[in-house]
Every structure is written in structure tokens, then in C-alpha cells.
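To keep things clear, I will list the structure first and then write my remarks on it.
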């Protein structure tokens, strides 16, 4: 894509990515949405820790694409999904960077969850 304008304008802002090998699971109302040992942990200044899952390890039939988008000056344009699971619908609960800026290509197409805003979403290590 291109270099992130946020990193040029704010060179001290940290967005650190780290691949995990431990197994991480996401559930909503007892329904497993994602389960993976191929997760990227992202620590960004001013934001909660986020976990980005490969689509192959997410139950995509429980997700519905949304028309919502947002712009991050560090990572790019985020596209959103809603979850329908356990009799609940959580609107715009998941996002993905389809074409992230060059500095964050490891996030391309992966899915992250708003577990801090939606207490119904549980992200936890799994044995």
C-alpha cells in the first residue's frame, strides 16, 4: 500500500506486533468464534492490547460484513463485521485491515475483536 502517515507525523508512537504461539480462543455467550495458535498480539500506545486472528481460524459464518469503516493513521482503513452468536448480535464488534500500511502488513486480512467495549466477548488462552 504505502507508508503510514501516522508513523511519519508521530515517530514515537508505538504500534508493536508480536506473533504468539500459544492457543487463543474468542467466545460469545458460550459460542466459540475463533480458536488459533497463529495470533498476532498488538500493543499500541493509548489502546488496549489487541489480538488479530487469521480468517481460517474464525467461524466466518457467524460474522456479517458491515458498511462501517474507520481510518487509523498508523494501520490504515478498518472494515467491520457484526457477530451473530448465542442469540446475540454485536454490531461492528470485529474489524480487519484489508490493505494496511506497509509497516503493518502482518495484520492484513486478520480479524480483531472489541473485547474491551463488549463484555460478551471473551478472549482467553486455551490449553
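Numbering (my numbering), first residue to last: -14 to 112.
The C-beta atom is built at its ideal place from N, Cα and C for all residues, glycine as well.
What are the partner residues of residue i, as DSSP defines its beta bridges?
i	result
residue 7	None, per the DSSP bridge assignment.
residue 1	28
residue 20	10
residue 73	70
residue 108	11
Measuring alpha carbon to alpha carbon, tell me which residue in the options is nearest residue i.
i	options	result
residue 85	55, 101, 77	55
residue 27	19, 46, 1, 6	1
residue 62	52, 108, 75, 110	52
residue 37	-10, 79, 57, -6	79
residue 92	60, 16, 77, -10	60
residue 96	109, 82, 10, 87	82
Please classify residue i as buried or exposed, where buried requires at least 16 other C-beta atoms within 10 Å of its C-beta.
i	result
residue 18	buried
residue 30	exposed
residue 90	exposed
residue 35	buried
residue 41	exposed
Rounded C-beta distance between residue i and residue j? I'm assuming under 8 Å.
i	j	result
residue 49	residue 67	5 Å
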